[in-house]
Amino acid sequence: MDKNFRQHCSNTHFTLHQADKSNIENPNGWLRDSEIHAAQQLRKAKFPYLDGLNDPGILSGDLVTPAVTEFFQIINTGRHWVYLSTIGCTNSHVKVYDSMRTSPSRTAPMVGC
Numbered sequence: 099m100d101k102n103f104r105q106h107c108s109n110t111h112f113t114l115h116q117a118d119k120s121n122i123e124n125p126n127g128w129l130r131d132s133e134i135h136a137a138q139q140l141r142k143a144k145f146p147y148l149d150g151l152n153d154p155g156i157l158s159g160d161l162v163t164p165a166v167t168e169f170f171q172i173i174n175t176g177r178h179w180v181y182l183s184t185i186g187c188t189n190s191h192v193k194v195y196d197s198m199r200t201s202p203s204r205t206a207p208m209v210g211c
């Protein structure tokens, strides 16, 4: 395993099992919250000054701190995962990246912001 990868992983708080790896590698698999959370924890270790990257299982309530700087967050719209970001945006704008190229979900920015 790459030394830099191990260093990034040492500051994260998640556990993945063999079943998770099999699911991640399955092109027809549906990624679970825990797998998305693990990916976001790796990003947070690499980019500690960005907001977001919260556990997708707890995106509401007092457990999530509102973003005060640029952020990125992966959320589940109910149909699939989308990626939200304010990186490089002007005030009050959020980029929505949707790999399925469906019509933008009006609820995605409300859930993620």
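Residues 99 to 211, numbered by our numbering, are exactly what the sequence shown covers, in order.
Backbone N, C-alpha and C define an ideal beta-carbon position, used for all residues, glycine too.
Residue i versus residue j - alpha carbon distance
{"i": "E133", "j": "D118", "result": "7 Å"}
{"i": "E168", "j": "Y181", "result": "14 Å"}
{"i": "P125", "j": "L151", "result": "23 Å"}
{"i": "M198", "j": "W179", "result": "9 Å"}
{"i": "G155", "j": "A143", "result": "19 Å"}
{"i": "Y147", "j": "G176", "result": "29 Å"}
Residue-level contact to chain B via CB, residue i, 7 Å cutoff
{"i": "D153", "result": "The structure shown contains no chain B, having only a single protein chain."}
Limits of the unbroken alpha helix (DSSP H) element including residue i
{"i": "S132", "result": "D131 to K144"}
Beta-carbon gap between residue i and residue j smaller than 7 Å
{"i": "H135", "j": "F170", "result": "no"}
{"i": "T184", "j": "V192", "result": "yes"}
{"i": "A137", "j": "D149", "result": "no"}
One or two residues paired with residue i in a DSSP bridge
{"i": "Y195", "result": "Y181"}
Ranges of the beta strand (DSSP E) found wholly within the region 155 to 192, counting only runs of at least 3
Counting whole runs of 3 or more residues, the region 155 to 192 contains the beta strand (DSSP E) stretches 169 to 174 and 179 to 183.
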